[in-house]
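Read through the structure below, which is laid out as structure tokens, and then see the notes.
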Amino acid sequence: MRISGAEAVIRCLLEEGVDLVYGYPGGAIMPVYDELYKFQDQLHHVLVRHEQGATHAAQGYARATGKVGVAIATSGPGATNLVTGIADAQIDSTPMVCITGQVGRHLLGSDAFQETDIIGISTPVTKWNFQITEASQIPEIIAKAFYIARSGRPGPVLIDITKNAQFDEFDYSYEKCTGIRSYVPVPKLKLDKVAEAAALINSAKKPFIVFGQGIILGQAEAEFKALVEKSGIPAAWTILGLSALPTDHPLNVGMLGMHGNYGPNLLTNECDVLIAFGMRFDDRVTGKLATYAKQAKVIHFEIDPAEIDKNVKTEIAVLGDVKESLAALLPLIDAKSHDLWHNEFKALQEVEYNTVIKEELNPTNGKGISMGETIEMINKHSKGDAIIVSDVGQHQMFACRYAKFNSTKSNITSGGLGTMGFALPAAIGAKMGKPEREVVAIIGDGGFQMTIQELGTIFQTQVPVKIVILNNEFLGMVRQWQELFFDNRYASTKMINPNFVAIAEGYHIKSKKVTQREDLDEAVAEMLASKDSYFLEVMVEKENNVFPMIPTGACVSEIRLS
Amino acid sequence: MEDKTFTISVYSENNVGLLNRISGIFLKRHINILSLNVSESEIENVSRFIIVVNTTEKWVQNIVGQIEKQIEVIKAFYHTDEETIYLENALFKINSSLLFDEKQIQNIIKESQSTIVTVSRDFFVISKSGRRSEIEELYAKFKPYGIMQFVRSGRISVSKEKMEISTLLETFK
């Protein structure tokens with residue numbers, strides 16, 4: 001079949017099972033858009049309002065579905081606008097393929113109009129990238145792109161296609177990629193390592209499980225839950241691991257790290273065996289490494305060999321696919337309960353409840369609405385079945401700390417990169433990927449204004465996402481640090497905001513603003529009952545802080561409750 | 001952990017952009033590359049990088065992990081100086097008149113076991129392979145007479161222990 005490169009791009013996407021792409025047209029990608037027009041019955045293109053939105057929407061789609069998200073942009077500024085989303089997907093291991101147009105082969109290096117070296121720019125933040133300069137390369141390279149993006153530890157791939165390669169015709173045929181000689185996506189599981197790990201786990205008096213997104217990416221939720229239940233070991237999560245185990249599971253002891261729960265942080269430095277699954281010991285989780293779990297023997301189940309001993313020295317590393325590792329591990333694990341040890345977590349949870357959570361959920365002294373009680377209200381009405389997409393800042397920490405989740409792939413947030421502006425477009429992608437689920441974006445007044453233009457995408461596509469703005473008229477997290485560590489010098493953190501409801505209404509999105517606590521219940525109920533998209537602005541107490549908190553560079557056991 | 005000299009050997013596909021990807025790993029960690037040699041290995045389309053850095057063993061492990069993670073990298077290793085046989089090559093371009101006017105020059109060439117690559121009316125070129133210190137010694141000897149041009153290559157090295165890559169590459173053939 002003799003077809004143009006541009007048509008081949010579309011046919012390759014269809015071969016890879018893609019039915020939805022996010023993008024923004026422009027000069028160097030026009031041949032591909034022309035084919036998108038012809039194939040619109042099979043491949044739906046969502047026009048975003050800024051290319052960054054395309055990447056975050058593709059990420060939201062990928063995180064909600066486990067499939068590869070796709071974003072398309074033109075050359076030059078179109079391509080550079082993708083970079084933040086690509087970097088976010090890289091650090092959060094999100095499978096994504098970005099396709100950019102490029103000036104014609106003969107113009108490369110001539111500083112042509114809208115020419116930019118997107119291969120050079122994207123190299124440090126992509127799992128792989130490639131510039132196609134001949135049409136005949138398209139099928140093989142796109143097949144490789146999808147294989148690389150989704151296999152092993154997933155990540156973003158960028159394919160740059162010169163305009164001549166889009167126009168030129170060639171004999172098309174497609175073959176899926178099944179392997180690359182220089183790339184081992186999943187290290188072979190060593191059963192002796194599993195046996196060693198099992199022996200150490202069985203001998204532990206105070207074992208503690210910490211889990212990350214690897215459980216979700218490896219689709220190992222059921223195996224993981226079975227292990228937790230059989231072993232009776234308390235388990236805590238990183239923010240990307242959240243929702244891999246239901247939040248109300250009796251052995252789920254909460255969140256690790258800087259704004260995590262009191263028990264799991266303190267007891268990290270009390271456990272005798274620390275068992276990590278699919279997580280990378282990020283500094284926000286470990287605090288000061290020199291005093292992190294030094295008393296414990298560490299077992300690390302991980303797919304990426306480069307993560308072993310990167311931050312925390314392991315006693316036993318079990319490389320491989322976590323689903324397979326867990327299946328091999330489970331029969332070797334003694335059925336136990338660690339009640340006394342588990343009670344230590346419960347006692348510390350009680351301390352945290354009495355000093356932090358109670359006040360957050362039921363503010364006293366005439367304080368305004370808190371972020372925590374807003375999340376709790378969403379829990380009440382969603383019953384823990386919603387996908388929560390949070391942005392970055394205080395509201396994100398409240399969302400992760402207080403939201404309830406019954407099922408996996410339900411917490412979507414920018415963890416590693418901390419990208420403000422992530423949530424609104426990511427929520428669009430999540431809802432399009434999982435139309436049957438309720439999707440609630442929780443965003444601060446700062447981050448909202450970084451990608452506010454995606455309200456236009458919501459209006460145009462009528463995607464029924466629910467948007468909750470927790471407005472404290474501050475860049476709240478930075479303000480909190482200024483209060484705690486910079487003597488209350490609020491440098492450039494006060495926000496003078498526009499009338500958000502009027503803006504949302506300008507996009508014909510049903511809106512409501514809540515300023516009084518007594519109106520919150522009904523407003524959240526109305527929002528979640530809405531069949532259409534809904535914008536809810538909640539005016540929250542301006543200078544609340546997120547606690548507990550481990551100050552930067554402090555030890556996990558130095559966690560502060562106030 | 002103290003800084004040491006490490007030689008990193010990388011076998012990779014011979015693709016555009018991979019050098020950028022690998023050098024970026026050093027850039028991100030603010031580690032300066034002391035010497036870099038990239039050439040085709042004994043296998044067609046497989047490149048071999050030899051990168052010399054001065055850093056801690058912890059960092060070099062981290063770097064090698066990140067290099068090996070790159071899709072088009074087949075295998076990466078690191079070795080200390082004691083674990084490798086290594087040398088570099090240098091070329092000296094010297095005014096031809098010295099060859100005849102300064103008798104000492106011929107002795108220097110003989111004693112240093114360097115070879116004359118070419119001689120022309122205006123200049124001659126000497127090639128010397130060896131350790132950095134041997135080349136520097138030779139440079140110091142020629143310097144008083146005047147050196148028209150000098151260049152040295154990056155380090156090339158082979159490891160004393162077997163690199164499993166040889167068999168790995170065989171299976172790719």
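First to last, the sequence lines map onto chains A and B.
Here full-length UniProt numbering is used: the first residue of the first sequence is 1, the next is one more, and so on.
Here full-length UniProt numbering is used: the first residue of the second sequence is 1, the next is one more, and so on.
Ideal Cβ placement from N, Cα and C applies to all residues, glycine included.
Practice task
Evaluate residue 374 of chain A with the Cβ neighbour count: other Cβ atoms within 10 Å of its Cβ, from every protein chain shown; 16 or more gives buried, anything less gives exposed.
Solution key: buried
Exercise for the section: Determine the contact status of residue 112 of chain B and residue 138 of chain B, defining contact as a CB-CB distance below 7 Å. Expected result: yes
Practice task
Taking the CB atoms as reference points, tell me whether residue 141 of chain A and residue 74 of chain A lie closer together than 7 Å.
Solution key: no
Handout entry: Residues within the stretch 296–317 of chain A neighbouring chain B, beta-carbon criterion of under 9 Å
Key = Taking 9 Å as the Cβ-Cβ cut-off against chain B, the residues of the stretch 296–317 of chain A that qualify are 304, 305, 306, 307, 308, 309, 310.
Problem - Pair within 7 Å by beta-carbon distance, residue 99 of chain B and residue 124 of chain B - result: yes
Practice task
Look at residue 97 of chain A and residue 145 of chain A and say whether their C-beta atoms are less than 7 Å apart.
Solution key: yes
Handout entry: Integer-rounded CB distance, given that residue 390 of chain A should sit under 8 Å from residue 540 of chain A
Key = Not a contact, Cβ separation roughly 14 Å.
Practice task
Helix, strand or coil for residue 565 of chain A, going by three-state DSSP, please let me know.
Solution key: Missing from the structure shown is residue 565 of chain A; chain A here goes from 1 to 562 and no further.
Exercise for the section: Look at the alpha carbon of residue 3 of chain B and the alpha carbon of residue 416 of chain A, and state the distance between them as a whole number of angstroms. Expected result: Approximately 30 Å between the Cα atoms of the pair.
Exercise for the section: Please name the residue in A/550, A/448, A/518, A/476 whose C-alpha comes closest to that of residue 503 of chain A. Expected result: A/448
Handout entry: Where the alpha helix (DSSP H) containing residue 524 of chain A begins and where it ends
Key = Start and end: 520–529.
Practice task
Output the distance between the C-alpha atoms of residue 532 of chain A and residue 510 of chain A, rounded to the nearest integer angstrom.
Solution key: 8 Å
Practice task
Whole angstroms is fine: what's the gap from residue 261 of chain A's alpha carbon to residue 349 of chain A's?
Solution key: If you draw a straight line from the Cα of residue 261 of chain A to the Cα of residue 349 of chain A, it is about 7 Å long.
Practice task
Could you tell me whether any Cβ in chain B is nearer than 7 Å to the Cβ of residue 65 of chain A?
Solution key: no
Handout entry: Residues that residue 80 of chain B bridges to, as DSSP identifies them
Key = B/6
Problem - Interface partners of residue 21 of chain B on chain A, CB under 7 Å - result: 123
Exercise for the section: Go through its chain and collect everything with a Cβ distance to residue 94 of chain B's Cβ below 8 Å, but skip five positions before and after it. Expected result: Short of 8 Å from the beta carbon of residue 94 of chain B, and not among the five residues preceding or following it, lie these beta carbons of its own chain, in chain order: 105, 123, 124, 125, 126, 142, 145, 146, 147, 148.
Exercise for the section: Using a Cβ-Cβ cut-off of less than 8 Å, list which residues of the stretch 167–194 of chain A approach chain B; keep chain order. Expected result: 180, 181, 182, 183
Exercise for the section: Answer yes or no: do residue 410 of chain A and residue 422 of chain A have a C-beta to C-beta separation smaller than 7 Å? Expected result: no
Exercise for the section: Find the nearest neighbour of residue 292 of chain A within the set A/334, A/185, A/256, A/326, judged by alpha-carbon distance. Expected result: A/256
Handout entry: Where residue 113 of chain A falls, given that 16 or more other Cβ within 10 Å makes a residue buried
Key = exposed
Exercise for the section: Could you spell out the range, first to last residue, of the beta strand (DSSP E) harbouring residue 211 of chain A? Expected result: 207–211
Practice task
Figure out for me which residue from A/465, A/65, A/263 has the closest Cα to the Cα of residue 351 of chain A.
Solution key: A/263
Problem - Residues bridged to residue 152 of chain B (per DSSP) - result: B/90
Exercise for the section: Specify whether the stretch 542–554 of chain A and the stretch 352–370 of chain A touch according to this definition: at least 3 beta carbon pairs, one from each stretch, less than 8 Å apart. Expected result: Contact between the stretch 542–554 of chain A and the stretch 352–370 of chain A is established, with three or more Cβ pairs separated by less than 8 Å.
Practice task
Select from the UniProt domain "Thiamine pyrophosphate enzyme central" (194–329) of chain A all residues with a C-beta closer than 9 Å to any C-beta belonging to chain B, and list them in chain order.
Solution key: 304, 305, 306, 307, 308, 309, 310
Exercise for the section: Identify every run of the alpha helix (DSSP H) within the stretch 336–407 of chain A, keeping only runs that are complete inside it and at least 4 residues long; order them along the chain. Expected result: 339–352, 358–361, 371–382, 394–402
Practice task
Please work out which residues of its chain come closer than 7 Å, Cβ to Cβ, to residue 284 of chain A, disregarding the five sequence neighbours upstream and downstream, and give them in chain order.
Solution key: 257, 258
Handout entry: CB contact flag (residue 5 of chain B, residue 54 of chain B, <7 Å)
Key = yes
Problem - Per DSSP, the bridge partner or partners of residue 71 of chain A - result: A/22, A/98
Exercise for the section: For the stretch 240–268 of chain A, list the beta strand (DSSP E) runs that are entirely contained and at least 3 residues long, ordered along the chain. Expected result: 252–255
Problem - the stretch 205–219 of chain A in contact with the stretch 305–313 of chain A per 3-pair CB rule at 8 Å - result: no
Handout entry: Which listed residue (A/425, A/519, A/444) has its alpha carbon closest to that of residue 564 of chain A
Key = It is not possible to answer for residue 564 of chain A, since the shown part of chain A is limited to 1 through 562.
Problem - Below-7 Å beta-carbon distance, residue 164 of chain B vs any chain A residue - result: no
Problem - Contained alpha helix (DSSP H) runs [length at least 4] in the stretch 13–57 of chain A, N- to C-terminal order - result: 30–38
Problem - Contacts around residue 64 of chain B, its chain only, beta-carbon distance under 8 Å, and the 5 residues preceding and following it disregarded - result: 8, 76, 77, 78
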